[in-house]
Structure formats: structure tokens, C-alpha cells
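Colleague:
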Amino acid sequence: MKRLSLLASVCGLFGAIGFASHAQAQVKLSGPPKIAFIYLGAISDGGWTGAQNRARLVLQKEFGVKIPYVENIPEQTEKVEQTVELFVNRGFNVIIGGTYGYGDAFAAEAKLHPNVAFVNMAGVTTAPNLESPYPKTYQGWYLAGYAAGSVTKSKVIGMIEGFPIPTVLWDINAFATGARAANPGTVAKVAFVNSWDDPVKEGQLSNAMIEQGADVIATDMDSPAAIVQSEKAGKFSIGYENDMSAAAPKTIMTSVVFHWDKMLVPMVKALKAGTWTSAGASLYGIDSGMVDITEPVGHVTPDVQTKIDALKAEMVAGKFDPFTGPLKAQDGSVKVEAGKVMTIDQLFGMNYLFDNVQGSIK
-8 MKRLSLLASV
2 CGLFGAIGFA
12 SHAQAQVKLS
22 GPPKIAFIYL
32 GAISDGGWTG
42 AQNRARLVLQ
52 KEFGVKIPYV
62 ENIPEQTEKV
72 EQTVELFVNR
82 GFNVIIGGTY
92 GYGDAFAAEA
102 KLHPNVAFVN
112 MAGVTTAPNL
122 ESPYPKTYQG
132 WYLAGYAAGS
142 VTKSKVIGMI
152 EGFPIPTVLW
162 DINAFATGAR
172 AANPGTVAKV
182 AFVNSWDDPV
192 KEGQLSNAMI
202 EQGADVIATD
212 MDSPAAIVQS
222 EKAGKFSIGY
232 ENDMSAAAPK
242 TIMTSVVFHW
252 DKMLVPMVKA
262 LKAGTWTSAG
272 ASLYGIDSGM
282 VDITEPVGHV
292 TPDVQTKIDA
302 LKAEMVAGKF
312 DPFTGPLKAQ
322 DGSVKVEAGK
332 VMTIDQLFGM
342 NYLFDNVQGS
352 IK
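Under my numbering, the very last position in the sequence shown is 353; numbers go up by exactly one each time.
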């Protein structure tokens, strides 16, 4: 899941850093690109690390090389630095990690090794040779929400979440907004696991939401446990990070998926050409292909599928943003005025739920 520091995110660290692409020196590698991955979890997790590993496999195929990796490296600066040094000392000059907690170590190592390129997915630290990218997941969740809203009979949908940090809150709010657009009056229940991976609790919360009337369950977690329970109850579901259809083949509608390779393949090509520059703390939208939904969407009518395709096309063309006002928080306060679009600072400063979301971040 989104491996972001709770305090740093809530304090709007992303907004403080800024996302404007600034002029930086092109990185000159000490030889041809030689890539290595460092993972927080196991590639078999079915979620966050699994999605990153798919990108590694794409890179292997694209460039015809074997790319090594290490799993289960904790968010401990000293441990991460040691792992980076092991790779660098073996001649690897493109180091790719994937968690906020690697940020300090990657920043320090980037300074020590200016001829090594670093990428930290979901990080925020940056340098001329360090980029920290993240996808606009809220775009995919709006489309998934539209699908959910089109099929709900109870006008109650549910979402299982990890922690109430901005990148999670924007997923919830986008899901709820998309559902309301498809079916006015629809509300989204949310429950927080306070973990990124707790299959037992995820399943329990899914069952509880179904008992409370939810007939579509979405998971924003690393495991498919919540949608497994929804299928057992005969309810529709939405997966995340990877295509989770194998876990709930009969009732899943779609999954919001990551394609990190859409950023990494062009990066490596640019490194080979000697033209790559870090984009800093960068956001990649559905137009880049880094975030998407699996299609065709299941259990929707042809008209709804056509609408979802049209909404996606408008996002790709930059003609539609899911967070276009008017948008209100649960307390009735206006967060985005009519006709306005939420800014980057507002996105990463999000610490509230929209007015058709039931649940609490406290």
C-alpha cells in the first residue's frame, strides 16, 4: 500500500516540496544502466510489492537483462543504506526502491553516489539523481466508484483502508464521488485497519460493512481478503494495486492497478541516452498509464461501460478531473468551489472525508 509517513503526510510534506519540474543536471551514469530493486515486502504479497515486481519483470523483458532484487528490507535507514551500498559496490548504478521510509537513506546515498540514479516509489525526498514518483490513484478510484455506483441497489458501498493519510483519503473521496455521479444519493462507508496488511481484520470489516447494507466492497489494501469475503456473501467488489480477479472471479468488477513500468522504462531509456533528469517528487496520471483500471468492467451495462470509457478518455486528455468542485467535507465546509479543481497542495493536505462518506479518520 501507500508506504507514507502518517505525520509527514498529514503535515503536507508533499505540498512543501512541490511538484513543479525544476531544471536539474542530467545524470551521467558510471557505465551502462545496471538495475537493482529493493523491496519492503515480499513479491508474493499480491499487492504493493507484487505491483513493483511486475515492473521489474517488464524491465527485464524490455532490456533483455536479469535484474536482481532483495525482499523484506525494513524502513530502517541504516539497513537500507547497507543494502544500497552492497548493490553499488557490485556495479549497479540504477537503484529502485518503493516506500516512503527509504527516503532518508536514498537521499543520503544519492548524495554519496552522484553517478548512480535512484528512484523511490512513494517517497518524497529528491535530488538531481533521485526521483520520488507516485500515481494519481484517485483517477482510477473515481472510475471504480462510478462502476460501483451503477450497480448498488442499497446505495451503500464500502471501502477497507489502511491509515487515514492524504493518499488514502483521496482514494476514498474519489471512490465516493464517482459512485455519487453514477447514482445520486449513494454513500460510501469506510473502515481503517490501521495496518497495510491484516487479512483477518480486512475480512472482518468487509463482513461488517455487508451486514450494514453495503453491496459493493472495495479494498485499498495489499491483500484481497476483503473482496474474498464479499464474494462469499454474493456482493460485488473492487480490487487494488494488482488485478485481483483471481481472488473473487465471480463478483469482482474491476481493480485499480499500478503500472510502475510506464515511468521506469522511459527513465532507463533516457539514462541509456544520457538525457535523464529527475522530476523530483512527481505525480503520474492515468494519461501516463501508471494508474489504470482493469477492463472491461464486470457486471455493468454497456451504457455504463461506455460512460466509464468516456470519463477515462477525458482524464487522459486533461479535460476532466475527479476533484472538480463543488466538493464538501463531512462538516459541510466547501473544500473546492464550483468550477475549480483541487490543487496539488490541497491533495496532499487532505485530512477530511467528503460529505457522502460515512466513517471517521479519528
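C-beta atoms are modelled at their ideal positions from N, C-alpha and C, and glycine is treated no differently.
Quantities reported herein were computed from a predicted structural model and do not represent experimental measurements.
1) Whole angstroms is fine: what's the gap from M356's alpha carbon to S279's?
2) Do the CB positions of P360 and Q130 come within less than 8 Å of each other?
3) Identify every run of the alpha helix (DSSP H) within the segment 56 to 98, keeping only runs that are complete inside it and at least 4 residues long; order them along the chain.
4) Looking at the secondary structure, which residues open and close the beta strand (DSSP E) in which D336 lies?
5) Along the alpha helix (DSSP H) that carries M254, what are the first and last residues, could you check?
6) In terms of residues, what are the limits of the alpha helix (DSSP H) holding I201?
7) Please work out which residues of its chain come closer than 7 Å, Cβ to Cβ, to T266, disregarding the five sequence neighbours upstream and downstream, and give them in chain order.
8) Using 8 Å as the cut-off, can you tell me whether the segment 136 to 147 makes contact with the segment 117 to 125, which would need three or more C-beta pairs spanning the two stretches below that distance?
9) Among I229, D162 and A209, whose alpha-carbon lies nearest the alpha-carbon of F151?
10) Please state whether DSSP places E286 in a helix, a strand or coil.
11) Around the C-beta of P215, are 16 or more other C-beta atoms found within 10 angstroms, so that it is buried, or is it exposed?
12) To the nearest angstrom, how far is the alpha carbon of G22 from that of A33?
13) For P215, does the three-state DSSP call read helix, strand or coil?
14) Going by C-alpha distance, which of G276, K310 and T292 is nearest W132?
15) Excluding sequence positions up to five away, which residues of its chain have a Cβ less than 6 Å from the Cβ of N198?
16) For the beta strand (DSSP E) containing I29, name the first residue and the last one.
17) What are the partner residues of F227, as DSSP defines its beta bridges?
18) Excluding the 5 residues flanking K146 on each side, which residues of the same chain have their C-beta closer than 7 Å to its C-beta?
19) With a cut-off of 8 Å, do at least 3 Cβ pairs link the segment 80 to 97 to the segment 227 to 247?
20) Which of helix, strand or coil does DSSP assign to N120?
21) Which residues in the same chain have their Cβ closer than 8 Å to the Cβ of Q51, if we skip the five residues on either side of it in sequence?
22) Are G316 and E328 closer than 8 Å when you measure CB to CB?
23) Ignore the nearest five residues each way along the sequence and tell me which others in M244's own chain have a CB closer than 8 Å to its CB.
24) Would you check whether the ligand GTP has a heavy atom nearer than 7 Å to the C-beta of P257?
25) Any idea what DSSP makes of P126, helix, strand or coil?
26) Could you check whether A96 and E72 sit closer than 8 Å to each other, using their CB atoms as the reference points?
27) What are the residues that DSSP puts in a beta bridge with K319?
28) Just the C-alpha distance for V49 and D252, rounded to the nearest angstrom, thanks.
29) Suppose you measure from the CA of G89 to the CA of D322; what does that come to, to the nearest Å?
30) Tell me, please, whether the CB atom of I29 is closer than 8 Å to any CB atom in chain D?
31) When you compare only the Cα positions, how much space is there between S12 and S269?
32) Looking at the structure shown, is S12 part of a helix, part of a strand, or coil, going by DSSP?
33) What is the DSSP secondary structure of N106, counted as helix, strand or coil?
34) Starting from the Cα of W187, find the closest Cα among G204, F154, V295 and T168 and give me that residue.
Modeller: Concretely, from the data shown:
1) Beyond the ends of the chain as shown, which are -8 and 353, falls residue 356; an answer cannot be given.
2) Coverage of the chain is limited to positions -8 through 353, which leaves residue 360 absent and any answer about it impossible.
3) Within the segment 56 to 98, the complete alpha helix (DSSP H) segments at least 4 residues long are 68 to 80, listed from N- to C-terminus.
4) From DSSP, D336 is part of no beta strand (DSSP E) but of the alpha helix (DSSP H) over I335 to F339.
5) From DSSP, the alpha helix (DSSP H) with M254 extends over D252 to A264.
6) Counting along the chain, the unbroken alpha helix (DSSP H) around I201 starts and ends at P190 to E202.
7) Hits under 7 Å: Q17.
8) Taking a cut-off of 8 Å for Cβ pairs, the segment 136 to 147 and the segment 117 to 125 do not touch, as fewer than three such pairs fall below it.
9) Just to set this straight, residue 151 is Ile in the shown sequence, not Phe. Selection I229, D162 and A209 evaluated against I151 yields A209 as nearest (Cα-Cα).
10) DSSP places E286 in coil when its eight states are reduced to three.
11) Buried: at least 16 other Cβ atoms inside 10 Å.
12) Going by the C-alpha atoms only, they are around 30 Å apart.
13) Looking at P215 - three-state DSSP - the assignment turns out to be coil, as it is neither helix nor strand.
14) Among G276, K310 and T292, the Cα nearest to that of W132 belongs to G276.
15) Excluding positions up to five away in sequence, the list reads Q220.
16) Unbroken beta strand (DSSP E) run through I29: I26 to I29.
17) Looking at the DSSP output, F227 bridges to V207.
18) Excluding sequence neighbours, K146 sits near N174, G176, T177 and V178.
19) The count of Cβ pairs closer than 8 Å, one atom from the segment 80 to 97 and one from the segment 227 to 247, stays below three, leaving the stretches out of contact.
20) Secondary structure of N120 (DSSP, three-state): coil.
21) If you ignore the 5 residues before and after Q51, its C-beta comes within less than 8 Å of the C-beta of K57 and I58, all in its own chain and listed in chain order.
22) Using a Cβ distance threshold of 8 Å, G316 and E328 count as a contacting pair.
23) Beyond the five residues adjoining it in sequence on each side, M244 comes within less than 8 Å, by CB distance, of A135, A138, A139, V142, V207, F227, S228, I229, V288, G289, H290 and V291 in the same chain, given in chain order.
24) With respect to small molecules bound, the structure shown includes none, and the ligand GTP cannot be examined in it.
25) Three-state result, P126: strand.
26) The beta carbons of E72 and A96 sit closer together than 8 Å.
27) According to DSSP, residue pairing for K319 in a beta bridge involves V325.
28) Between V49 and D252, the C-alpha separation is close to 7 Å.
29) Between G89 and D322, the C-alpha separation is close to 35 Å.
30) Annotation note: the requested chain D is absent from the structure, which comprises a single protein chain.
31) Model confidence at S12 stands at a pLDDT of 42, short of 50, so the residue's coordinates are unreliable and nothing is read from them.
32) Unreliable positioning characterises S12 in this predicted model, as indicated by a pLDDT of 42, which lies under 50. The coordinate reading is nonetheless provided below. Coil, per DSSP.
33) Per DSSP, reduced to three states, the secondary structure at N106 is coil, with no helix or strand assignment.
34) Nearest Cα to W187 within the set G204, F154, V295 and T168: F154.
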